[in-house]
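> Structure incoming, see below.
Protein chains: 2
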Amino acid sequence: MNRRTLLAAAPMAAASGAGTAVAQGSAAPERPAGQAPGFYRYKVGDIEVTAIHDGFAPRALEGFIRNADLADVKRAMAEAFLPEAALPITFTTLVLRTGGRTVLIDAGNGDAGAPTTGSWMGNFRAAGFDPATVDTVIVSHFHGDHINGLRLKDGTAVFPKATITVPEPEWAFWMDDGRMAAAPDATKPAFAAPRRVFGPIAKDIVRFEPGREVVPGVTALPAYGHTPGHMAFALTSGGARFMAVSDITNHPALFVRNPDWSAVFDVDADTARQTRRRMLDMVAADRMQVAFYHAPFPATGHVAKEGNGFRFVPVQWTPAT
Amino acid sequence: MNRRTLLAAAPMAAASGAGTAVAQGSAAPERPAGQAPGFYRYKVGDIEVTAIHDGFAPRALEGFIRNADLADVKRAMAEAFLPEAALPITFTTLVLRTGGRTVLIDAGNGDAGAPTTGSWMGNFRAAGFDPATVDTVIVSHFHGDHINGLRLKDGTAVFPKATITVPEPEWAFWMDDGRMAAAPDATKPAFAAPRRVFGPIAKDIVRFEPGREVVPGVTALPAYGHTPGHMAFALTSGGARFMAVSDITNHPALFVRNPDWSAVFDVDADTARQTRRRMLDMVAADRMQVAFYHAPFPATGHVAKEGNGFRFVPVQWTPAT
Chain G
1 MNRRTLLAAA PMAAASGAGT AVAQGSAAPE RPAGQAPGFY RYKVGDIEVT
51 AIHDGFAPRA LEGFIRNADL ADVKRAMAEA FLPEAALPIT FTTLVLRTGG
101 RTVLIDAGNG DAGAPTTGSW MGNFRAAGFD PATVDTVIVS HFHGDHINGL
151 RLKDGTAVFP KATITVPEPE WAFWMDDGRM AAAPDATKPA FAAPRRVFGP
201 IAKDIVRFEP GREVVPGVTA LPAYGHTPGH MAFALTSGGA RFMAVSDITN
251 HPALFVRNPD WSAVFDVDAD TARQTRRRML DMVAADRMQV AFYHAPFPAT
301 GHVAKEGNGF RFVPVQWTPA T
Chain H
1001 MNRRTLLAAA PMAAASGAGT AVAQGSAAPE RPAGQAPGFY RYKVGDIEVT
1051 AIHDGFAPRA LEGFIRNADL ADVKRAMAEA FLPEAALPIT FTTLVLRTGG
1101 RTVLIDAGNG DAGAPTTGSW MGNFRAAGFD PATVDTVIVS HFHGDHINGL
1151 RLKDGTAVFP KATITVPEPE WAFWMDDGRM AAAPDATKPA FAAPRRVFGP
1201 IAKDIVRFEP GREVVPGVTA LPAYGHTPGH MAFALTSGGA RFMAVSDITN
1251 HPALFVRNPD WSAVFDVDAD TARQTRRRML DMVAADRMQV AFYHAPFPAT
1301 GHVAKEGNGF RFVPVQWTPA T
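Take a look at the structure:
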């Protein structure tokens, strides 16, 4: 009844004439700020996976792909309705809850990335996690956007209790002083990042070989080329199988669609291309759910063969976890 | 230093031998519960749009599409990596902040939907909104999943201050007593829902014709067929254009891909099919961002022609709003 009184002045029947159908405004509350927190939960058997978003970095298209014409790259961007100016490369890590433990796969940019990154910790906490209780961090490879989140620029260890585990061949490559000394100047920062992050705890680092079950249900698989020791991770729990493919591709709209294209980030382009085709073929044939570090958030879905390449089909968001 | 002491017992160098690389566990915190809240913000010029998720309802495939073989429907489901058993139909409404006003387009299932729906109010509040301050509700059509959120089953008006605006031809059809009396029993509940929701405030309802600017920047467009007065809404602000296409399709993986398929929910299948093709052609040609009520959350993206149908390309999630 109160409502009727309140709205007694509202026009009845069909609106007509000049102006808008509803003209009366009201004092509105402050504009609510911000996006929903960037985390997404799903299950792989009994393993609870939480994708944690760490923002994005815009990448100019010029010079990004070694072996594709810029016009073709722009066409692929347009087909995916991505921006014309620059590719927003996103970063999404995984948190696993398994066997009573909290396990990270990769750690994001920390405070060392582009200004549009660095939201990882806020999203991690919004998902109900505490960095002080992380048990294990599994590192896929030593690029800064995967490891800088382990240590702040001021030297603070972000996960003080965690055992840090890394691929043995990745360690062997990047921590080799002779190789760093021989590297061209442009490549030297790539050697500096792991030294900054891992140097203070070098003796405590656990190194794993390909084929190793790093924690129960999480097996490292060789996925070389992007970097010399780059690893993917097979998750198995009950009958469920899942693959965290790490950086076998950069943005799926470009490199799942065109698996022979080589981003400048690939250390060994030919090996990376072979790895990319081999793993995409496998997950497509098995219709296996996958996570890509650089797919749009929540960065998980499936892969299907299409033409000479593949297409990435994101999962349908669901509140059921 | 503390960290080194803590991890002194951790294995050094490459893990080898039996068991997993990292075997030691720890007392973990309680499993953090739940999914991130189901809201997503984006801009159309100066209009702030917030998509609000209202859960999903599983729909058996048998009998769902009038003019497609079940085998073809199952094939389309498999191509989209959707479940074999049933289609999860999702519900996503829009909240607009424009000109100091809070405007809803549709209101979700309220407390009258499937048990897996009803999360709308929680997501709406999580996005920083208050139902008491909603100024206007624009209704696309009178199906229960769009209007039941306006009034609880106990009769409570959910948006007590809001002006409720509805399509004039929709009102004329569903509120016609003679038409309800003549309807087959199976169709009568579709007439009951708008009477329950709108009956107590019938004289205060604002009815709009197609072509009408309902609130500044939001113009109703005829999109008949799904229901007799079903409307889409063009949003314009500055140079930005956007289309809320409401229910011109149900799930895009089925009906954007196969626009001639007719879901049983379409009141006039032929008209609905013509509307669907006309509007999909238009938004594809214009590369216009769209929102589908029944697309997977956040239910916004673009449409491109593909073969005899179209493909829906979801937006890339971004924290930037």
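In order, the protein sequence lines correspond to chains G and H.
In terms of our numbering, the first sequence is residues 1 to 321.
In terms of our numbering, the second sequence is residues 1001 to 1321.
Where is the CB? At the ideal position from N, CA and C, for every residue including glycine.
Could you name the residues of the stretch 109 to 123 of chain G whose beta carbon sits closer than 8 Å to any beta carbon of chain H, in the order they occur along the chain?
Residues THR116 and SER119.
> Taking all protein chains shown into account, do 16 or more other C-beta atoms lie within 10 angstroms of the C-beta of ALA182 of chain G, making it buried, or fewer, making it exposed?
Answer is exposed; the Cβ neighbour count stays below 16.
> Leaving out five residues on either side along the sequence, give the residues of the same chain with a beta carbon under 6 Å from the beta carbon of ALA1190 of chain H.
Excluding residues within five positions, none has a Cβ falling inside 6 Å.
> What beta strand (DSSP E) runs, 3 residues minimum, are completely inside the stretch 76 to 153 of chain G?
The qualifying runs are 86 to 98, 101 to 105 and 136 to 138.
> State the CB to CB distance for the pair LEU1070 of chain H and LEU1061 of chain H, rounded to an integer number of angstroms; the pair is presumed to be in contact (CB under 8 Å).
Their Cβ separation, rounded to whole angstroms, is 6 Å, which keeps LEU1070 of chain H and LEU1061 of chain H in contact under 8 Å.
> Which residue from H:ILE1205, H:GLU1170, H:VAL1206 and H:PRO1314 puts its Cα closest to that of MET1231 of chain H?
Among H:ILE1205, H:GLU1170, H:VAL1206 and H:PRO1314, the Cα nearest to that of MET1231 of chain H is on H:GLU1170.
> In this structure, how does DSSP classify SER26 of chain G when only helix, strand and coil are distinguished?
The pLDDT assigned to SER26 of chain G is 43, lower than 50, so where the model puts this residue is not dependable; a value taken from the coordinates is nonetheless given after this. Three-state DSSP puts SER26 of chain G in coil, outside helix and strand.
> Would you say the stretch 1086 to 1100 of chain H touches the stretch 1275 to 1282 of chain H, given that touching needs at least three Cβ pairs under 8 Å?
With the cut-off at 8 Å, the stretch 1086 to 1100 of chain H and the stretch 1275 to 1282 of chain H do not touch.
> Mind reading off the beta-carbon distance from ARG1059 of chain H to ALA1086 of chain H? Whole number of angstroms is fine, and I expect it under 8 Å.
Indeed they touch by this definition, with Cβ atoms about 6 Å apart.
> Among the residues of its own chain, which have a CB less than 8 Å from the CB of GLY1063 of chain H, if the five just before and after it don't count?
Cβ within range, chain order: VAL1264.
> Below 6 Å CB to CB, which residues in the same chain sit around ALA1304 of chain H once its five sequence neighbours on both sides are set aside?
Result list for ALA1304 of chain H: ALA1284 and ARG1311, in chain order.
> DSSP three-state call for LYS1043 of chain H: helix, strand or coil?
Correct three-state label for LYS1043 of chain H: strand.
> Would GLN35 of chain G and PRO1222 of chain H qualify as a contact pair, given that the criterion is a beta-carbon distance under 8 Å?
No, Cβ-Cβ distance for GLN35 of chain G and PRO1222 of chain H is not below 8 Å.
> Between the Cα of GLY323 of chain G and those of G:ARG101, G:GLY144 and G:GLY100, spot the shortest distance and give me the residue it belongs to.
Only positions 1 to 321 of chain G appear in the structure, and residue 323 of chain G is not among them; the question remains open.
> If you follow the beta strand (DSSP E) that GLU1213 of chain H is part of, which residue opens it and which one closes it?
Element bounds for GLU1213 of chain H: 1213 to 1215.
> Thinking just about the alpha-carbon of each residue, which of H:PRO1314, H:PHE1255, H:PHE1039 and H:ALA1186 is nearest to the one in ASP1072 of chain H?
Of the candidates H:PRO1314, H:PHE1255, H:PHE1039 and H:ALA1186, the one whose C-alpha sits nearest the C-alpha of ASP1072 of chain H is H:PHE1255.
> Between the C-alpha atoms of GLY307 of chain G and ASN1308 of chain H, what's the straight-line distance to the nearest angstrom?
Each residue's alpha carbon lies about 18 Å from the other.
> For VAL1315 of chain H, which residues of its own chain have a beta-carbon under 6 Å away from its beta-carbon, when the five flanking residues on both sides are left out?
So the qualifying residues of the chain are THR1300 and GLY1301.
> Measuring CB atoms only, is the stretch 190 to 209 of chain G touching the stretch 161 to 180 of chain G, in the sense that at least three cross pairs come out at less than 8 Å?
Contact between the stretch 190 to 209 of chain G and the stretch 161 to 180 of chain G is present, because at least three Cβ pairs lie under 8 Å.
> Any idea which residues DSSP pairs LEU221 of chain G with across the strands?
LEU221 of chain G pairs with G:ALA232.
> How would you call LEU152 of chain G, buried or exposed, if buried means at least 16 neighbouring beta carbons within 10 angstroms?
Exposed, since its Cβ has fewer than 16 Cβ neighbours within 10 Å.
> When we look at the beta-carbon of ASP154 of chain G and count the other beta-carbons within 10 Å, is it buried (16 or more) or exposed?
With fewer than 16 other Cβ atoms within 10 Å, it is exposed.
> For PRO314 of chain G, does the three-state DSSP call read helix, strand or coil?
If DSSP states are grouped into helix, strand and coil, PRO314 of chain G belongs with the strands.
> Any residues in the stretch 142 to 164 of chain G with a beta carbon nearer than 8 Å to a beta carbon of chain H? Which ones, in chain order?
Answer set for the stretch 142 to 164 of chain G: ALA157, PRO160, LYS161 and THR163.
> Mapping the DSSP letters down to three states, classify GLN1368 of chain H as helix, strand or coil.
As displayed, chain H neither begins before 1001 nor continues past 1321, which places residue 1368 of chain H out of reach and without an answer.
> Could you tell me whether any Cβ in chain H is nearer than 8 Å to the Cβ of PRO252 of chain G?
By this cut-off, PRO252 of chain G is not an interface position.
> Go ahead and pull the three-state DSSP assignment for GLY1307 of chain H.
Of the three classes helix, strand and coil, the one that applies to GLY1307 of chain H here is coil, per DSSP.
> Looking at LEU150 of chain G and VAL137 of chain G, is the spacing between their C-beta atoms short of 8 Å?
Yes, the pair counts as a contact, with Cβ atoms nearer than the cut-off.
> Quick one: does the C-beta of ALA304 of chain G sit closer than 7 Å to a heavy atom of the ligand COA?
Looking for the ligand COA in the displayed structure turns up nothing, as the structure carries no ligands at all.
> Between which two residues does the alpha helix (DSSP H) carrying MET1243 of chain H extend?
Where MET1243 of chain H is concerned, there is no enclosing alpha helix (DSSP H), although the beta strand (DSSP E) it sits in stretches over 1240 to 1246.
> Would PRO1184 of chain H count as contacting chain G if we go by Cβ distances under 8 Å?
Judged by the 8 Å Cβ criterion, PRO1184 of chain H is not in contact with chain G.
> Within 8 Å of any Cβ in chain H, is that where the Cβ of PHE81 of chain G sits?
So yes, PHE81 of chain G belongs to the interface.
> Checking contacts by CB at 8 Å: is TRP1174 of chain H closer than that to chain G?
Not one chain G Cβ lies under 8 Å of TRP1174 of chain H.
> Anyone know if the C-beta pair for VAL103 of chain G and VAL218 of chain G falls short of 8 Å?
Yes, they are a contact pair.
> Are the C-beta of HIS302 of chain G and some C-beta of chain H separated by less than 8 Å?
At least one chain H Cβ lies under 8 Å of HIS302 of chain G.
> My output table needs one value for THR5 of chain G: the three-state DSSP class, helix, strand or coil.
For THR5 of chain G, the predicted model reports a pLDDT of 31, less than 50, meaning its position is unreliable and no value from the coordinates is stated.
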